[in-house]
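The opening position of the sequence shown corresponds to residue 5 in the numbering used here, with each subsequent residue numbered one higher.
Worksheet: one structure, shown below.
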Amino acid sequence: MPNLEFCEKEILKQKCTEVFSLLKRPNEPYSVFEIASAFSSQANKEKDKKIAETLTLLAKVTSPTLQPTSRNEPFIASCSNPYPIFTPTLLTSEELDSLADILEEIEQPILKARIADILWIYAKPKKREHCITAIKSYLAIEASNNFSYLDIYDLWERASYLSVSLKDQTISEEIKNKLVLEFEKDSIHWDFHQLRISEIVLNTGLDNSILQQLGEKLLKIALPKFENPFNAKNEYISGAKSIFEKIQNSEKIAECDHLLGKLHEEQGDLNKSHSNITANHNYRQALLFYRKIPKRYRNKFCIDDTKLNNLINRINTSAQSMIDEFTLVKTPEIDVSKLKQVAIAHVANKNDISLALGYFSGISSCNLNNILQQTEDIARKTIFQNLASYSCFSSDGRLIQEIQPLTQENKEQVLFQKAIHNFPMHIGFEVITSIKPAFMQLQNEYAISKEILISLCKHSRIVPDNRVISVAEALFQGFEYNFGNAIHLLTPQVENIVRQYLKNNGVITTHTDPDGKENERSLSSLLDDEQSRNLLGDDLWFELQAVFTHPLGANLRNKVAHGLLNDEDSNSYTYIYAWWMVLRIIIRNI
Numbered sequence: 005m006p007n008l009e010f011c012e013k014e015i016l017k018q019k020c021t022e023v024f025s026l027l028k029r030p031n032e033p034y035s036v037f038e039i040a041s042a043f044s045s046q047a048n049k050e051k052d053k054k055i056a057e058t059l060t061l062l063a064k065v066t067s068p069t070l071q072p073t074s075r076n077e078p079f080i081a082s083c084s085n086p087y088p089i090f091t092p093t094l095l096t097s098e099e100l101d102s103l104a105d106i107l108e109e110i111e112q113p114i115l116k117a118r119i120a121d122i123l124w125i126y127a128k129p130k131k132r133e134h135c136i137t138a139i140k141s142y143l144a145i146e147a148s149n150n151f152s153y154l155d156i157y158d159l160w161e162r163a164s165y166l167s168v169s170l171k172d173q174t175i176s177e178e179i180k181n182k183l184v185l186e187f188e189k190d191s192i193h194w195d196f197h198q199l200r201i202s203e204i205v206l207n208t209g210l211d212n213s214i215l216q217q218l219g220e221k222l223l224k225i226a227l228p229k230f231e232n233p234f235n236a237k238n239e240y241i242s243g244a245k246s247i248f249e250k251i252q253n254s255e256k257i258a259e260c261d262h263l264l265g266k267l268h269e270e271q272g273d274l275n276k277s278h279s280n281i282t283a284n285h286n287y288r289q290a291l292l293f294y295r296k297i298p299k300r301y302r303n304k305f306c307i308d309d310t311k312l313n314n315l316i317n318r319i320n321t322s323a324q325s326m327i328d329e330f331t332l333v334k335t336p337e338i339d340v341s342k343l344k345q346v347a348i349a350h351v352a353n354k355n356d357i358s359l360a361l362g363y364f365s366g367i368s369s370c371n372l373n374n375i376l377q378q379t380e381d382i383a384r385k386t387i388f389q390n391l392a393s394y395s396c397f398s399s400d401g402r403l404i405q406e407i408q409p410l411t412q413e414n415k416e417q418v419l420f421q422k423a424i425h426n427f428p429m430h431i432g433f434e435v436i437t438s439i440k441p442a443f444m445q446l447q448n449e450y451a452i453s454k455e456i457l458i459s460l461c462k463h464s465r466i467v468p469d470n471r472v473i474s475v476a477e478a479l480f481q482g483f484e485y486n487f488g489n490a491i492h493l494l495t496p497q498v499e500n501i502v503r504q505y506l507k508n509n510g511v512i513t514t515h516t517d518p519d520g521k522e523n524e525r526s527l528s529s530l531l532d533d534e535q536s537r538n539l540l541g542d543d544l545w546f547e548l549q550a551v552f553t554h555p556l557g558a559n560l561r562n563k564v565a566h567g568l569l570n571d572e573d574s575n576s577y578t579y580i581y582a583w584w585m586v587l588r589i590i591i592r593n594i
């Protein structure tokens with residue numbers, strides 16, 4: 005703002021009084037955002053250029069959002085404010101000088117605190133009195149003023165942070181006394197008032213000597229008055245635990261874990277009558293908290309194997325029951341008849357079984373880049389799914405994994421997990437539209453003997469000579485419609501094929517334990533190796549995980565190893581796809 009000229013100080017006082025008087029609404033809070041809007045609105049109405057420029061500047065400095073404990077960027081732009089891209093870094097030296105000139109004339113504590121705080125951070129040279137003025141102005145803002153609850157706690161936290169930065173014992177003591185008084189005799193009737201006060205002391209490092217006392221009091225606060233006692237107790241006990249972790253009081257940490265475990269266990273018992281899904285989550289949380297308790301404290305809190313096993317039984321029971329609570333969502337059927345016709349035509353009338361099998365191996369494909377792009381496109385359209393983590397369960401109700409909310413920092417990892425989790429839809433579509441129609445056409449035209457498959461395996465570079473018969477027998481089971489038997493036979497062979505291929509290309513496929521014993525790495529461990537991705541290629545590397553090893557995928561390797569496959573799975577789309585996938589790999593390596 006070049007050649008800025010402020011209005012006279014008396015006029016400025018009057019205008020500030022007018023703006024704040026517009027905000028006064030009985031029994032209704034208002035926020036710093038509203039102050040910025042009020043100054044902006046008043047500036048637009050002013051005909052006097054000096055007054056308009058003055059009020060505009062005040063609207064700008066009250067516009068950013070406060071980050072109480074930020075050292076370098078305590079004020080950030082807010083899209084909900086009149087000046088959505090403004091931050092104090094945009095202030096010119098002339099504007100900062102003008103703000104310093106009017107600071108003592110400002111009578112409203114919130115406005116004075118904001119200006120003084122900005123001057124302390126951004127004006128050169130730094131003046132200690134600006135920081136002191138900001139602190140005292142923040143403290144002058146009483147909780148009974150018409151500010152929203154979140155604002156007042158942020159302002160107190162900012163004052164506390166500044167006092168610690170200033171290293172002024174007198175001011176720090178003044179703030180501590182105010183916060184302790186608020187803790188003992190709250191002026192705000194909000195369920196989490198004491199908790200928020202304790203967080204201010206903890207987050208700013210105001211006085212670690214009172215943390216033990218605050219933690220003890222959080223645990224003793226009477227909670228039955230709260231509308232939702234579970235949430236309140238959970239928050240207060242968790243807050244106390246954070247304090248005890250800060251001061252490294254292991255016995256009190258264990259006590260908090262016990263209380264949290266007991267709280268979730270009791271809540272699970274309450275929830276199971278109407279929601280086994282919620283009860284299952286509560287029981288799982290309870291088990292996690294109980295297991296965190298060090299063994300030396302478990303007797304004190306009566307946590308033994310019997311109690312833990314009882315809780316595990318309740319987890320399993322609720323997991324079985326919650327399957328009935330899941331709702332099946334059906335989408336309109338899609339006409340895929342033309343796609344089936346294309347698949348049939350692709351393998352039909354080749355007059356040579358080897359040629360027909362070659363065409364059959366190319367009936368479908370897996371492209372990781374396309375899959376990830378489709379996954380990202382879906383994520384953009386389902387915004388709410390990206391706001392919170394969601395749990396993935398097995399068909400018998402076991403928790404497999406939680407996928408975290410999608411952020412810029414974890415984008416690659418979360419999109420990969422979502423792609424794996426969604427891959428069964430790709431499998432089902434490909435089997436219905438391509439693989440199965442082409443398979444049936446082959447069966448109609450040819451009698452595919454075991455000898456033909458043995459010949460294919462002999463000529464394939466990836467099938468070891470001493471595994472030809474075993475692999476051919478497994479493939480033959482598929483052509484006999486015994487896909488369940490085929491997968492039980494193929495899965496260990498796939499692991500061996502991958503292991504031998506990687507070993508031949510210089511990858512270490514074993515690990516040595518502390519006793520010097522050398523053991524083979526599992527298929528999932530081999531695929532986790534970055535060398536595997538480079539050697540196998542992105543597409544096959546992803547497909548092997550999605551079908552055989554990843555918990556979020558079909559995970560056939562684990563299910564075969566632990567006997568988790570049942571008769572109903574025998575001709576599922578996943579079995580058919582896995583069988584065809586192995587056949588494809590073998591044929592494509594002839």
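Quick reminder that beta carbons are idealized off the backbone N, C-alpha and C, glycines included.
None of these values were measured; they are calculated from a predicted model.
Which partner residues does serine 395 have in the DSSP bridge list?
Residue pairing for serine 395: DSSP places it in a beta bridge opposite Glu406.
Taking 7 angstroms as the cut-off, decide whether the C-beta atoms of proline 349 and isoleucine 367 are in contact.
Looking at the sequence shown, residue 349 is not proline but alanine. In this structure, alanine 349 lies away from isoleucine 367, with their beta-carbon atoms at least 7 angstroms apart.
DSSP-derived helix/strand/coil call for leucine 70
In the structure shown, leucine 70 sits in a strand (DSSP, three-state: E or B).
Please report the distance separating the alpha-carbon of aspartate 273 from that of isoleucine 319.
A straight line joining the alpha-carbon of aspartate 273 with that of isoleucine 319 spans about 11 angstroms.
Which term fits cysteine 83, buried or exposed, when burial requires 16 or more other beta carbons within 10 angstroms of its beta carbon?
The residue is exposed, with fewer than 16 neighbouring Cβ atoms inside 10 Å.
For glutamate 547 and chain C, any beta-carbon pair shorter than 7 angstroms?
In the displayed structure, chain C is absent; only one protein chain is listed.
Can you give, in chain order, each stretch of the beta strand (DSSP E) that sits fully within the stretch 480–506 and has at least 3 residues?
Whole beta strand (DSSP E) segments, 3+ residues: zero.
Which full runs of the beta strand (DSSP E) of 3+ residues lie inside the stretch 510–565, going along the chain?
For the stretch 510–565, whole beta strand (DSSP E) runs of length 3 or above, ordered along the chain, are 514–516 and 522–524.
Helix, strand or coil for phenylalanine 90? Go by DSSP, reduced to three states.
Phenylalanine 90 sits in coil when the DSSP states are folded into three classes, being neither helix nor strand.
Tell me whether the beta-carbon of alanine 616 lies closer than 7 angstroms to the beta-carbon of tyrosine 87.
This structure does not reach residue 616, given that the chain is present from 5 up to 594, and the question cannot be answered.
If we count the other Cβ atoms within 10 Å of its Cβ and call it buried at 16 or more, is glutamate 534 buried or exposed?
Counting Cβ neighbours within 10 Å, glutamate 534 comes out exposed, since fewer than 16 surround it.
Taking Cβ positions, are tyrosine 577 and glycine 432 nearer each other than 7 angstroms?
The answer is yes: Cβ separation under 7 angstroms.
Cβ contact check for the stretch 373–388 and the stretch 471–491: 3 or more pairs under 8 angstroms
A contact between stretches requires three or more CB pairs, one per stretch, nearer than 8 angstroms, and the stretch 373–388 fails this requirement with the stretch 471–491.
Between which residues of its own chain and tyrosine 294 is the CB-CB distance below 8 angstroms, once the five residues before and five after are set aside?
Residues of the same chain with a CB within less than 8 angstroms of the CB of tyrosine 294, apart from the 5 flanking positions on each side, are Asp261, His262, Gly265, Ile307, Lys311, Leu312 and Leu315 in chain order.
Determine the burial state of histidine 268: buried for a count of at least 16 other Cβ atoms within 10 Å of its Cβ, exposed for fewer.
Around the beta carbon of histidine 268, 16 or more other beta carbons sit within 10 angstroms, so the residue counts as buried.
Could you spell out the range, first to last residue, of the alpha helix (DSSP H) harbouring serine 277?
Serine 277 -> no alpha helix (DSSP H), and no H or E assigned at all.
Can you tell me which of Lys221, Gln421, Cys370 and Ala360 puts its alpha carbon nearest to the alpha carbon of asparagine 390?
Comparing Cα-Cα distances from asparagine 390 to each of Lys221, Gln421, Cys370 and Ala360, the minimum goes to Gln421.
Would you kindly work out how many angstroms separate the C-alpha atoms of isoleucine 327 and asparagine 207, rounded to a whole number?
Inter-residue distance for isoleucine 327 and asparagine 207 is about 42 angstroms (C-alpha atoms, whole angstroms).
Helix, strand or coil: which one does DSSP assign to tryptophan 584?
Helix at tryptophan 584.
Under 8 angstroms Cβ to Cβ from glutamate 109, same chain only, skipping five residues before and after it: list those, please.
Excluding residues within five positions, the ones whose Cβ falls inside 8 angstroms are Lys13, Leu16 and Lys17.
Considering just the uninterrupted stretch of the alpha helix (DSSP H) at tryptophan 124, what are its terminal residues?
Residues 113–126.
Could you check which residue in Ile439, Val435, Lys354 and Leu361 has the C-alpha nearest to that of isoleucine 590?
If we check each option's Cα against that of isoleucine 590, Leu361 comes out closest.
Flag this pair as yes or no: are the beta carbons of alanine 236 and aspartate 195 separated by less than 7 angstroms?
Their beta carbons are under 7 angstroms apart, which means alanine 236 touches aspartate 195 by this criterion.
Name the DSSP bridge partner or partners of isoleucine 80?
Answer by DSSP bridge pairing, in chain order: Thr69.
Is the beta carbon of glutamine 271 sitting closer than 7 angstroms to the one on phenylalanine 234?
The Cβ-Cβ distance between glutamine 271 and phenylalanine 234 falls below 7 angstroms.
How big is the Cα-Cα spacing for isoleucine 404 and glutamate 186?
Each residue's alpha carbon lies about 45 angstroms from the other.
Excluding the five sequence neighbours on either side, which residues of its own chain have a C-beta within less than 7 angstroms of the C-beta of glutamine 112, listed in chain order?
For glutamine 112, the CB contacts under 7 angstroms within the same chain, skipping 5 residues up- and downstream, are Cys20 and Phe24 in chain order.
By DSSP, does lysine 304 sit in helix, in strand, or in coil?
Correct three-state label for lysine 304: coil.
Using the rule of at least 16 other Cβ atoms within 10 Å of the residue's Cβ for burial, across every protein chain shown, is asparagine 181 buried or exposed?
Asparagine 181 is exposed by the Cβ-count criterion.
Can you tell which of Asn538, Leu548, Val418 and Gln408 has its C-alpha closest to the C-alpha of serine 393?
Checking every option, the nearest Cα to that of serine 393 belongs to Gln408.
Close-in-space but distant-in-sequence residues of the same chain around leucine 539 (CB under 6 angstroms, 5 per side omitted)
Counting only residues of its own chain and dropping the five nearest sequence neighbours on each side, leucine 539 has a CB closer than 6 angstroms to the CB of Asn509.
What residues in its chain sit with their C-beta under 8 angstroms from that of aspartate 211, if we drop five residues either side in the sequence?
The residues are Ser176, Lys180 and Val205.
Measuring alpha carbon to alpha carbon, tell me which of Tyr157, Ile375 and Gln497 ends up nearest serine 526.
If we check each option's Cα against that of serine 526, Gln497 comes out closest.
Hey, quick one: how far does the alpha helix (DSSP H) through phenylalanine 187 stretch, first residue to last?
In this chain, the alpha helix (DSSP H) harbouring phenylalanine 187 covers 173–188.
When the Cα atoms are used, what is the spatial distance from phenylalanine 480 to histidine 285?
Cα to Cα, phenylalanine 480 sits roughly 44 angstroms from histidine 285.
For the alpha helix (DSSP H) that asparagine 317 lies in, which residues bound it at each end?
Per DSSP, asparagine 317 belongs to the alpha helix (DSSP H) from 309–326.
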